[in-house]
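Below is one structure, written out as structure tokens; comments come after it.
Number of protein chains: 4
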Amino acid sequence: MFFASDNSGPVHAEVLQALAEANQGYQMGYGADEMMDEVRDRIRSLFEAPDAAVYLVINGTSANALALATLADPWDTVFCTPVSHIHRDECNAPEFYSGAKLTLVAGDDKMSPEALRTAIEGEGNRGVHGPQRGPVSITQVSECGTLYTLDEIRALGVVAHGYDLPLHLDGARFANALVALGCTPAEMTWKAGVDVVSFGGTKNGLMGVEAVILFDPTKAQEFELRRKRGGHLLSKHRYLSAQMAAYLRDDLWLRSARMANDNCAHLAEGLRTEGAVFLYEPQANMIFARLPRHLHRRLIDAGAVYHMEGEELDGPDENALLSCRLVCDWSMQEAEITRFLALISNTAPAGA
Amino acid sequence: MFFASDNSGPVHAEVLQALAEANQGYQMGYGADEMMDEVRDRIRSLFEAPDAAVYLVINGTSANALALATLADPWDTVFCTPVSHIHRDECNAPEFYSGAKLTLVAGDDKMSPEALRTAIEGEGNRGVHGPQRGPVSITQVSECGTLYTLDEIRALGVVAHGYDLPLHLDGARFANALVALGCTPAEMTWKAGVDVVSFGGTKNGLMGVEAVILFDPTKAQEFELRRKRGGHLLSKHRYLSAQMAAYLRDDLWLRSARMANDNCAHLAEGLRTEGAVFLYEPQANMIFARLPRHLHRRLIDAGAVYHMEGEELDGPDENALLSCRLVCDWSMQEAEITRFLALISNTAPAGA
Amino acid sequence: MFFASDNSGPVHAEVLQALAEANQGYQMGYGADEMMDEVRDRIRSLFEAPDAAVYLVINGTSANALALATLADPWDTVFCTPVSHIHRDECNAPEFYSGAKLTLVAGDDKMSPEALRTAIEGEGNRGVHGPQRGPVSITQVSECGTLYTLDEIRALGVVAHGYDLPLHLDGARFANALVALGCTPAEMTWKAGVDVVSFGGTKNGLMGVEAVILFDPTKAQEFELRRKRGGHLLSKHRYLSAQMAAYLRDDLWLRSARMANDNCAHLAEGLRTEGAVFLYEPQANMIFARLPRHLHRRLIDAGAVYHMEGEELDGPDENALLSCRLVCDWSMQEAEITRFLALISNTAPAGA
Amino acid sequence: MFFASDNSGPVHAEVLQALAEANQGYQMGYGADEMMDEVRDRIRSLFEAPDAAVYLVINGTSANALALATLADPWDTVFCTPVSHIHRDECNAPEFYSGAKLTLVAGDDKMSPEALRTAIEGEGNRGVHGPQRGPVSITQVSECGTLYTLDEIRALGVVAHGYDLPLHLDGARFANALVALGCTPAEMTWKAGVDVVSFGGTKNGLMGVEAVILFDPTKAQEFELRRKRGGHLLSKHRYLSAQMAAYLRDDLWLRSARMANDNCAHLAEGLRTEGAVFLYEPQANMIFARLPRHLHRRLIDAGAVYHMEGEELDGPDENALLSCRLVCDWSMQEAEITRFLALISNTAPAGA
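Protein chains in written order, with my numbering: chain A, 2 to 353; chain B, 2 to 353; chain C, 2 to 353; chain D, 2 to 353.
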């Protein structure tokens, strides 16, 4: 019953197989391997973006930080939500790489066009004294498990571009969002105004590979130099390429994302039946719910692993509702979900 | 006949096997995986350093840059050779991470204690105006394929410590050096005055894993934060741990290094017989040699791949001696070396 | 009728005189001038801090950025208010110098101990993933013209120190606060828990000099190196020293601050009489008030100069209340204030 | 007998007078003062560069660091001499501001076109692995007191521009060079290929003002933002403007430089008569000479102040020749030079 993170499961067997197949003889290093050509072509084709620049890095933090550094000047500010990964979970990496600061757009899991406009208007109007307006960064699936609709992304793109600001999409859970929305990669990105994507693979069955896709390749060389300068260019790059190639081959990325989302829907349905309170409507593979303390205790005692979102398990009131995050990955066994739900249903009404 | 780099060969089958074995169920991420405990214990034991802090990263550039950033203040200068990887091949990563600059110690492949002392004396004597004296960084095996003896390292350690400066060892080819010198890891490091080691695995059969070992763990937490801030902390860290664990198990690292060094010795012997001129005496798994242009042409036409060290293959004088670098990795087939040497011996006297 | 900034008036005649007197013969540069000894002694004595490290720089931005860089690690976050100068008006200088980011403590002109505690609790609890807790920075006089009482500073110091975090005070208007509170420099700083002060002079009659005072001199050498590395060490330092010496001699700093505060009190009283709405209670030398559009128009047409705080002078509703900031410096002529108030009183009830 | 630095003398009376005259009433801050318009116009006219962007900062380190940061990308390397101020005397400020590193062009006081070409060829040929080629920076007057001829600058400009690299001139002693060469500002700069100048005033009679002149104003806004972000934008900017305006009015800058150079010529002539050995031919206002130890001792005992260039005054051999630097500023009294020379001539043959 491991619901702590989609970073914690195994990689898909097809990926391991691809690594073994790639492990033959010599290959040019540093991204000049043949398999990278396949990856680049495949991504360009999938995204209907024949000119896009495509690079692989090892994780989401480096993908985001390098992408934002390429989009922002050191005197800029990046617009993002208060819960964004780039703000809360990257230990100043975006600031380190870009020199820019972050402006938090009022809101919760997602930013609205109005809030974005207000935030932009609130910056960049003090001459050289304040930071200048820089890129807008959104996360899809959001850090709270919710989704921007295509219309919502489009509306944010319109606002950003209205100020000549680029739009970055942190797609650590890109595939989960795509299958949930049932749209194409192009529709969820450049057709909706997204300029640069961090295209995640790690949370969806890879060992540690994310692609950065720049639809406008003007700054491709700059990105390459930033990647190298950050120590993020791998010599034996073929092992990144091989993973990403396997990911995109035979729709593995979509199959895995569907499995994760289905697992999550199953879990959410069960929780809902038991009366759990959701902090956000689960739309992909993450659930934020409130459960009474005694129930958390029972689950954790039974071996369930998940994050308590800043809540303390120990405390006086056994019926106090405590928040938690439950994440499903592609590899989750149905039996585990069933067992988790059974532990809950043994209980008098869970949730308020 | 691929002699371009020890970064270009496949990974060892035992490493792939270890990845497959590690690919079971859920594991805590970000370095909290169980296999990392094994790795840490094994490295501490191998290095006879029970208190050492041990971290894994994906490549040598990040290992070096993070290590130096932990050792140097932003107003310092790092002492290294003109051919050092940190100076020539890391696209300002050490400067980016540390804020420090580099001072080139006069010399060639290695630095002498006298040259180091002169370089240190030449800095740090201008009050706050010039950079302050920072860490000393040496490379073992050197970038030119040569070795520091234990006495030589010890002498450099004495100089560095005499100025209260720490000594960093870039051990991208640590294992190749160790088997060539026939000493223990402790003897080549802390017993000789080395404070921090970049312990390479990538060039010796791993996909992309290096350990940073801080013998004094005082700055362990700082290193962790720098690693995260640089985007170098992997979520699915177990796949780094698994590689490093396999590397150190059953002496795979030493076996692989011995194979690489033996391949190189075989190649060097053949070249010497044919009269090749060596720029440096080959002591590990790299050869820097000068061959006549017509010979380079024949080799390259026959499919040999290696670096020409800034020389132009095209030119007027067919007998001009052109420098090249030939690197052997563990996976090299003897037949390839034999074929390479046969191509050379078919020739009238190679080299001057 | 110039109320735009206390950065815009002339310097005091005694300061010019001191510059002329300092302009004799040769003096050692870079802070080794004799007058700097006088400044250091005088500040230590004024602050009852015999061990304090004291440095001069040219403006508040460099004072704050260098002070915070000395207090914060690059993976930290600095706690400050949403209106703080370091957040809004220094174009990322604090981030540039420190590498840290800023966390905005909920609130308005000042931060409360409760809000500070909540902000601190909200950071630093995500292991290496989020930024670490760094220094707390408050501004006295606040950017909104209000004052922290000694009790309020003390309470913030208790919170900060409870987390082992240092407390920085941006004292761009230190003297205005001091005379308004009627306390000693020590009482407003280290006795209340302040660890480092940016001690302003520029807004109070100097050309461009601020002192940074570190009550704990442990990091004095680091500060010096950061100042030099930032290009903020002046060769002809005596001209900074001379200004600061004149400032502290014969209580010029207190006399000037009293003049500015008195001018402001006079102006505020007049505005209050006319029914102006204050956004904040004026406590030093700045007023934030709301006046009807037609009144702004009359004032500006008559030559008054001040900031409209993001409001548009042009607009449909002549009675709409628009915010403005009015700053008084020491050099302001009483006749100007009288004239300004007369322009207002000619009007039907100003303000709602 | 103060020959330690041209940073140590007083400022010219005309400059003090200008400060007093500027000290009237209110002025817009941050470079929007009226006197800055005069300065900008005057510099554009003097340099025959009607489109040039002109900014004032407080010292040479910030001028150089900001100029180079505007010209270089963080992955670049800047080409300069081993004795350059940016390399030796700015405590990593150029690296801090630009992110770039420095490549030392072989040579001594000046760089030759051949050495520059060799240095450029030695960088930027390792793909993304090494630093990329960045701006070339030269110093006029050189740090050794010598001059580049116009032809020499032109030749360096041709090399730099041949690689599409900009040429920066550190003109801390710009005026001393100009009067020594007897050319126009345009001839010594953009007509010879210089793209950006640090135009010094501090060493030639100002308190602390240097102009940065970008002949191509494309990056003017970037420069402004970098200046602000570095904490180098002064609020009471009029006091910088007033100094620079006075400096350029009535040829004060040229008169002062001529005085300094004449003082130096007088001193050099006397030293030469006494048989002193010059390390470089004195061409402006600095002398590098070797004198026997006993003579240094006599001079210093008599109150002379100057730098010994790393030599130790105490030592066994009284006749050992020890290097020193003697700098003359505009304010030097002839009597001091006469006294200094008399101390020398009282001696049996000075120098070998």
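Quick reminder that beta carbons are idealized off the backbone N, C-alpha and C, glycines included.
Boundaries for glutamate 313 of chain B: no alpha helix (DSSP H) harbours it, and the DSSP string shows neither H nor E there. Just so you know, the alpha carbons of glycine 311 of chain D and glutamine 244 of chain C end up roughly 34 Å apart. Three or more Cβ pairs drawn from the segment 67-84 of chain C and the segment 97-108 of chain C lie within less than 8 Å of each other, which places the two stretches in contact. Per DSSP, the beta-bridge partners of cysteine 325 of chain A are A/Ala290.
The residue among B/Gly158, B/Leu207, B/Thr219, B/Lys204 with its C-alpha nearest the C-alpha of methionine 189 of chain B is B/Gly158. For glutamate 96 of chain D, at least one C-beta of chain B is nearer than 8 Å to its own C-beta. Close partners of valine 129 of chain B in chain D (Cβ separation under 9 Å): Cys92. For the pair aspartate 74 of chain B and alanine 221 of chain B, the Cα-to-Cα distance works out to about 16 Å.
The Cβ atoms of histidine 169 of chain C and serine 143 of chain C lie no closer than 8 Å to each other. Here phenylalanine 97 of chain C has Ala66 as same chain residues with Cβ atoms under 8 Å from its own Cβ, once five neighbours each way along the sequence are excluded. Linking alanine 247 of chain D to alanine 14 of chain D through their CA atoms gives a straight-line distance of about 10 Å. Chain-ordered, the chain D residues with CB closer than 8 Å to the CB of lysine 102 of chain B read Asn93, Glu96, Lys102, Leu103. Distance from the CA atom of leucine 268 of chain B to the CA atom of proline 83 of chain B, rounded to whole angstroms, is 27 Å.
In this structure, alanine 285 of chain D lies near alanine 178 of chain D, with their beta-carbon atoms less than 8 Å apart.
Under the three-state reduction of DSSP output, glutamine 284 of chain D falls in the coil class, being neither helix nor strand. Every alpha helix (DSSP H) stretch that sits fully inside the segment 148-192 of chain C and reaches 4 residues is listed by chain position as 151-163, 175-182, 186-189.
Taking the CA atoms as reference points, glycine 128 of chain A sits about 15 Å from glycine 231 of chain D. Nearest C-alpha to glycine 202 of chain A among A/Ser9, A/Leu215, A/Ala173, A/Gln141: A/Ala173.
In the three-state DSSP reduction, isoleucine 59 of chain B falls in the coil class, being neither helix nor strand. Here DSSP, grouped into helix, strand and coil, assigns arginine 134 of chain C to strand. If you check the CB distance, alanine 187 of chain D and glutamate 49 of chain D come in under 8 Å. Within the DSSP bridge table, the entry for phenylalanine 279 of chain C names C/Ala290 as partners. When DSSP states are grouped into helix, strand and coil, histidine 86 of chain C belongs to the helix group. For the segment 61-77 of chain D, the residues whose beta carbon sits under 7 Å from a beta carbon of chain B are, in order, Pro75, Trp76. If you ignore the 5 residues before and after valine 210 of chain B, its C-beta comes within less than 8 Å of the C-beta of Leu57, Val58, Ile59, Gly202, Thr203, Leu241, Gln244, Met245, Tyr248, all in its own chain and listed in chain order. In terms of CA proximity to arginine 239 of chain B, B/Gln25 leads the group B/Gln25, B/Gly10, B/Phe3, B/Ser6. For tyrosine 31 of chain A, the CB contacts under 7 Å within the same chain, skipping 5 residues up- and downstream, are Leu234, Ser236, His238 in chain order.
With 16 or more neighbouring CB atoms inside 10 Å of its own CB, serine 332 of chain C falls in the buried class.
With contacts defined as CB atoms closer than 8 Å, valine 55 of chain B and alanine 212 of chain B qualify as a contacting pair.
Proximity to aspartate 251 of chain C across C/Arg43, C/Tyr27, C/Arg326 peaks at C/Arg43, based on C-alpha coordinates.
Contact annotation: the segment 272-292 of chain B touches the segment 145-154 of chain B, with at least three C-beta pairs closer than 8 Å. For glycine 311 of chain B, the chain D residues whose Cβ falls inside 8 Å of its Cβ are Asn126, in order along the chain. Neighbours of lysine 229 of chain D across chain A, judged by C-beta separation under 8 Å: Trp76, Val129, His130.
Residue-level contact check: glutamine 244 of chain A does not touch chain D, since none of the beta carbons of chain D fall below 8 Å from its beta carbon. Annotation for aspartate 7 of chain D: Lys204, Val328, Asp330 place their beta carbon closer than 6 Å to its own, counting only its chain and skipping 5 residues before and after.
The beta carbon of arginine 298 of chain D sits no closer than 8 Å to any beta carbon of chain B.
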